[in-house]
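As you go down the protein sequences, you meet chains A and B in turn.
The numbering of the first sequence is our numbering, which starts it at 1 and goes up by one.
The numbering of the second sequence is our numbering, which starts it at 1001 and goes up by one.
Yeah, the Cβ is synthetic: ideal placement off N, Cα and C, and Gly gets one too.
As the structure is a prediction and not an experimental result, all values here were calculated from the model.
Structure, as structure tokens:
There are 2 protein chains.
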Amino acid sequence: METARSSERQRTAAERRRRELLEAADRVVLRDGPQASMNAIAAEAGITKPILYRHFGDKGGLYRALAKRHTDALLSALRAALDAPAERRARVESTLDTYLAAIEARPQVYRFLMHPADGAADTADASPTAEQGFDVGRHSAPLLRRLGEELGQVIVERVDLGPDSEQMARIWGHGIVGMMHAAGDWWLADRPCSRERLVSSLADLLWGRLAEAGDRDVKGGPGF
Amino acid sequence: METARSSERQRTAAERRRRELLEAADRVVLRDGPQASMNAIAAEAGITKPILYRHFGDKGGLYRALAKRHTDALLSALRAALDAPAERRARVESTLDTYLAAIEARPQVYRFLMHPADGAADTADASPTAEQGFDVGRHSAPLLRRLGEELGQVIVERVDLGPDSEQMARIWGHGIVGMMHAAGDWWLADRPCSRERLVSSLADLLWGRLAEAGDRDVKGGPGF
DNA sequence: GACTGTTGTTACCGCGAGTAACACATGGTT
DNA sequence: AACCATGTGTTACTCGCGGTAACAACAGTC
């Protein structure tokens, strides 16, 4: 074998192929939602199933690869907003807005990333005769986790919490990401308000307005 | 038909049957995770598939019924903590703790409720020839949504926000629930800290400590 | 005893994930 | 030239699962 040249050519060719396949898969997922079948994806790419499986192993592999692309893109956009040289509140609002704008612009992609099929099987994996029947592989967790860890990092780097700040920053990172995600998910379903309003309300929440607000008169009077 | 007596007897019998089936399904889901098959559930209940389908229509129906039971139980526990006659911070902490204790105590149930298979297909439903191939039906969304709405209600009832408080309360409800959920999910994976610490950190976050904390010295000096 | 409805069964369909086995090209080795 | 190694592509299958049709058995009613 002549090794170098040709094998390299082939490798890059394979990578290009892989990208093409991913783009085809992207189109199908965008059209059919997360339950897009391997047959459909293969058809869209103009080839047949086994090729997909040679490239990605199984459906989970394809979906992971697909998710990684979008996740990376989203993450870099968020990082930019988060690392901007501005007041903290402005940074927070701009990050929230970036996220919401992203999911608003491409809800199909969002749904694919966040609400895919699951197939967890934590400890149940160890069951006999059950090593091959399972498929997809979590994506929603990875994305949310990555976001949470990332945000935790930023917090621990830029915000001065007391002792044990590392741990608290991670907690907050995941908590804030979850807040953003859940509120975004709810908001996306039937936009009950403008994006600006949602952003500023969430920022208000993070800014402690829940603690500051007074009690409302409850029927039963002040004795309650 | 003799109507009254016997039909009523049959209805209650059917209901008892239904409960038995749900309990069997519960056991299987607890053992096999969310991807438990209808065959397995039927076997566990000591009967065969068609009976399951007669009772629940399809897999989504069964899972919905199953989810409803757990959801209702969790919700009532949370409501109790949330409606207790205590300071707001204490109520918030106790609610968070209730939730976390619940998911800690029965992680399998939690995983079933929160990370089930999905099969969304929003607008794609309208595709031809695709009215029968789809199955499960979202659960995670319903639970989170219910929690969020519920919390929003409580906030609007008990906290005095400014004008337009209704909308902000709903936003906050969903946001806080999402925070709790994401932090809990992350925490559950590999308990990085005690439950108390998690609870108090999240409460701190809601109490505006993020806004109060000072900037940390960033390399590049104060000019940044 | 014939009629009706419920409870249960077996045996099947359709579909999607994943695989085995075979066919064709290409380019280096002898 | 013939040879074979490797990557690309196909067809045609297995297997498991959701879901259903068709039939069997057994109440209680008229």
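- Under DSSP, B:Val1092 forms no beta bridge with any residue.
- The three-state reading of DSSP puts B:Asp1072 in helix, counting H, G and I together.
- Secondary structure at A:Gly173: helix, using DSSP grouped into helix, strand and coil.
- Not a single C-beta of chain A is nearer than 8 Å to the C-beta of B:Leu1113.
- Three or more pairs of CB atoms, one per stretch, sit closer than 8 Å, so the stretch 1090 to 1107 of chain B contacts the stretch 1192 to 1209 of chain B.
- B:Leu1021 places its beta carbon less than 8 Å from that of B:His1055.
- By the CB criterion at 8 Å, B:Gly1152 and B:Gly1184 fall outside the cutoff.
- In the three-state reduction of the DSSP assignment, A:Gly148 falls in the helix class, which pools H, G and I.
- By the rule that beta-carbons nearer than 8 Å mark a contact, B:Met1038 does not touch chain A.
- Closer than 8 Å to the CB of B:Pro1192 there is at least one CB belonging to chain A.
- Residues of chain A whose Cβ lies closer than 8 Å to the Cβ of B:Ala1182 are, in chain order, Leu144, Gly148, His174, Gly175, Val177, Gly178, Met179, His181 and Ala182.
- The beta carbon of A:Ile103 sits no closer than 8 Å to any beta carbon of chain B.
- Residue burial is scored here from C-beta neighbours: B:Ile1051 has fewer than 16 other C-beta atoms within 10 angstroms and is therefore classed as exposed.
- The beta carbon of B:Ala1203 sits closer than 8 Å to the beta carbons of Arg1089, Val1092, Glu1093 and Leu1096 from its chain, once the five residues preceding and following it are set aside; these are given in chain order.
- Around the beta carbon of B:Arg1170, a 10 Å sphere encloses 16 or more other beta carbons of the protein chains shown; the residue is thus reported as buried.
- When beta bridges are read from the DSSP output, A:Val159 appears opposite B:Asp1215.
- In this structure B:Ala1025 touches B:Leu1062 by the C-beta definition: roughly 6 Å separates them, less than 8 Å.
- Between the alpha carbons of A:Ser200 and B:Glu1015 lies a distance of about 49 Å.
- In this structure, the beta-carbon distance from A:Arg111 to A:Pro34 falls below 8 Å.
- With a cutoff of 8 Å on beta-carbon distance, B:Val1177 and B:Gly1214 are scored as not near each other.
- Counting along the chain, A:Gln108 sits inside the alpha helix (DSSP H) bounded by residues Pro107 to Met114.
- B:Arg1216 places its beta carbon less than 8 Å from that of A:Val159.
- For A:Val159, the closest Cβ of chain B is nearer than 8 Å.
- For B:Leu1100, no CB of chain A lies under 8 Å from its own CB, so it is not counted at the interface with that chain.
- Rounded to whole angstroms, the Cβ separation of A:Leu205 and B:Gly1175 is 6 Å, and the two are in contact under 8 Å.
- With respect to chain A, the C-beta atom of B:Gly1046 has no partner C-beta closer than 8 Å.
- Bounds of the alpha helix (DSSP H) holding B:Ser1200 are Arg1195 to Leu1206.
- From the beta-carbon of B:Ala1213, the residues of chain A found nearer than 7 Å are Val159, Asp160 and Leu161.
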